[in-house]
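Asks:
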Amino acid sequence: MDVRALDIALLQAVNGFAGRWPLLDLVMTKVVALYSVKTLPLVLCIVWLWFLADDEDAQARRRNRIASALLGMFLALVVSRVMQNLMPHLPRPMHTAGLDLITPIGASMDELQGWSSFPSDHAAMSLAISYGIWRESRKLGILAFAWAILVICLPRVYSGFHFPSDLIAGGLIGVACVYLVTRLVPRPLNLRLPLQNRPYGQSIFYTATFAILFWIATMFGDVRSISKGLFEVAALGEVQYEESEPEPEPGQGFAAVAPLDAS
Numbered sequence: 001m002d003v004r005a006l007d008i009a010l011l012q013a014v015n016g017f018a019g020r021w022p023l024l025d026l027v028m029t030k031v032v033a034l035y036s037v038k039t040l041p042l043v044l045c046i047v048w049l050w051f052l053a054d055d056e057d058a059q060a061r062r063r064n065r066i067a068s069a070l071l072g073m074f075l076a077l078v079v080s081r082v083m084q085n086l087m088p089h090l091p092r093p094m095h096t097a098g099l100d101l102i103t104p105i106g107a108s109m110d111e112l113q114g115w116s117s118f119p120s121d122h123a124a125m126s127l128a129i130s131y132g133i134w135r136e137s138r139k140l141g142i143l144a145f146a147w148a149i150l151v152i153c154l155p156r157v158y159s160g161f162h163f164p165s166d167l168i169a170g171g172l173i174g175v176a177c178v179y180l181v182t183r184l185v186p187r188p189l190n191l192r193l194p195l196q197n198r199p200y201g202q203s204i205f206y207t208a209t210f211a212i213l214f215w216i217a218t219m220f221g222d223v224r225s226i227s228k229g230l231f232e233v234a235a236l237g238e239v240q241y242e243e244s245e246p247e248p249e250p251g252q253g254f255a256a257v258a259p260l261d262a263s
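So the sequence shown is numbered by UniProt numbering: it starts at 1 and just counts up by one.
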């Protein structure tokens, strides 16, 4: 069996559970799409490690490593987005003819039209963060990796948004970028030294940090959408607008929650 055939076989095996149990479809397509479910726990791990009690020198070294990991995560996002935009377009599995995928109950085949599948920036970001956490705490890192794989990556195969190879490639990009940046920029927090001697220096630093953590928790959704639009304008001369989600009817609850976002 060649790599492509194995990729498709794994995709169909995971997607084969779709459409059988409405509750499972609800969890895999709606619940885990909520940022408070899929990415906020990883961000909370970062906050926990940042404020973990320790002696001053050890805490400073740990915070520098965390900051380096976050820079690596951002690089992974940039690399994955550039690859999606510049490499030959690979349709999402749900839009690839001949795969006979099952659409989960409540999902739409029209989602993510025009978004290339390879590589997954969801996988790049989540596994980059998980690797950064693992570098500081093996136990917490294992939990972070498990969360990223089972809660963030697996549902994207289940729903037909990604081939398994998209996620593997994205994950490798994420881990490689964090590893590279932590070697090249081991003490990024030294760059904020000028702030320490200025009025409100700490306030400025932590306000900016809060904004960055918010963007991470929302997986830079606005940034990714804007970058995709700018690329389309530059390359195609027009923006391929996606249809907006209809307003939920009263009483629909989770059935009307927005779908998994693109990556």
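Here a beta-carbon is modelled for each residue, glycine too, at the ideal position from N, C-alpha and C.
Measuring straight from C-alpha to C-alpha, what distance separates Gly132 and Ile46?
Replies: As a first step, residue 132 is located in the sequence shown; it is residue number 132 there, counting from the start. As a first step, residue 46 is located in the sequence shown; it is residue number 46 there, counting from the start. For Gly132 and Ile46, the distance between alpha carbons rounds to 9 Å.
Asks: Which residue spans inside the region 114–142 form an unbroken alpha helix (DSSP H) run of at least 4?
Replies: 121–136
Asks: Classify Asp55 as helix, strand or coil using the three-state DSSP reduction.
Replies: In the sequence shown, residue 55 corresponds to position 55, counting from 1. Correct three-state label for Asp55: coil.
Asks: So Thr103 is in the alpha helix (DSSP H); what residue range does that whole segment cover?
Replies: The count along the sequence shown starts at 1 and reaches residue 103 at position 103. Where Thr103 is concerned, there is no enclosing alpha helix (DSSP H), given that its DSSP letter is neither H nor E.
Asks: For Leu150 and Pro93, what's the separation of their Cα atoms in angstroms?
Replies: Locating residue 150 in the sequence shown gives position 150, where the first residue counts as 1. Locating residue 93 in the sequence shown gives position 93, where the first residue counts as 1. Whole-angstrom Cα-Cα distance: 19 Å.
Asks: Near Lys38, what residues of its chain come up, given a Cβ to Cβ distance below 7 Å and the 5 sequence neighbours on each side ignored?
Replies: As a working note, residue 38 is residue 38 in the sequence shown. Hits under 7 Å: Val32, Val151 and Ile152.
Asks: Among the candidates Asp121, Ser137, Arg4 and Ile142, whose CA atom is the shortest distance from the CA of Arg156?
Replies: As a position in the sequence shown, residue 156 is number 156, starting the count at 1. Per the Cα distances, Asp121.
Asks: Within 10 angstroms of the Cβ of Gly73, are there 16 or more other Cβ atoms? Answer buried if so, exposed if not.
Replies: Counting from 1 along the sequence shown, the entry for residue 73 is found at position 73. It is Met, not Gly, that sits at residue 73 in the sequence shown. Buried: at least 16 other Cβ atoms inside 10 Å.
Asks: If you check the beta carbons only, do Phe161 and Ser117 fall under 9 Å apart?
Replies: Position 161 of the sequence shown, counting from 1, holds the residue named residue 161. Position 117 of the sequence shown, counting from 1, holds the residue named residue 117. Closer than 9 Å, so yes.
Asks: According to DSSP, simplified to helix, strand and coil, what is Ser159?
Replies: To locate residue 159, count along the sequence shown from 1; it is residue 159. Residue state, collapsed to three classes: coil.
Asks: Can you tell me whether DSSP reads Trp21 as helix, strand or coil?
Replies: In the sequence shown, the residue the question calls residue 21 occupies position 21. Here Trp21 sits in coil by DSSP.
Asks: Please return the same chain residues whose Cβ sits closer than 7 Å to the Cβ of residue 270, not counting the five positions on each side in sequence.
Replies: Not covered by the structure: residue 270. The range shown for the chain is 1 to 263.
Asks: Taking the alpha helix (DSSP H) that Arg183 belongs to, which residues open and close that run?
Replies: Taking the first residue of the sequence shown as position 1, residue 183 is located at position 183. Per DSSP, Arg183 belongs to the alpha helix (DSSP H) from Pro164 to Leu184.
Asks: Give a yes or no on whether the C-beta atoms belonging to Pro104 and Ala18 are separated by under 9 Å.
Replies: Residue mapping note: residue 104 aligns to position 104 of the sequence shown, counting from 1. Residue mapping note: residue 18 aligns to position 18 of the sequence shown, counting from 1. Result yes, Cβ atoms of Pro104 and Ala18 sit closer than 9 Å.
Asks: Taking the alpha helix (DSSP H) that Pro188 falls in, what are its first and last residues?
Replies: Reading the sequence shown from its first residue, position 188 is the one you call residue 188. Looking at the DSSP string, Pro188 is not in any alpha helix (DSSP H), and its letter there is neither H nor E.
Asks: Which of the three DSSP states is assigned to Arg4 in this structure?
Replies: Along the sequence shown, one-based indexing puts residue 4 at 4. Of the three classes helix, strand and coil, the one that applies to Arg4 here is helix, per DSSP.
Asks: Would you say Leu213 and Trp147 are within 9 Å of each other, going by their C-beta atoms?
Replies: Translated into the one-based positions of the sequence shown, residue 213 becomes position 213. Translated into the one-based positions of the sequence shown, residue 147 becomes position 147. Against a cut-off of 9 Å, the Cβ pair of Trp147 and Leu213 comes out as no contact.
Asks: Quick check on Phe220: does DSSP put it in helix, strand or coil?
Replies: Within the sequence shown, numbered from 1, the residue matching residue 220 stands at position 220. Note: Phe220 maps to coil in three-state DSSP.
Asks: Identify which residue in Thr96, Arg135 and Phe145 has its Cα closest to the Cα of Ala123.
Replies: Locating residue 123 in the sequence shown gives position 123, counting from the first residue. Closest in C-alpha terms to Ala123, from the list Thr96, Arg135 and Phe145, comes Phe145.
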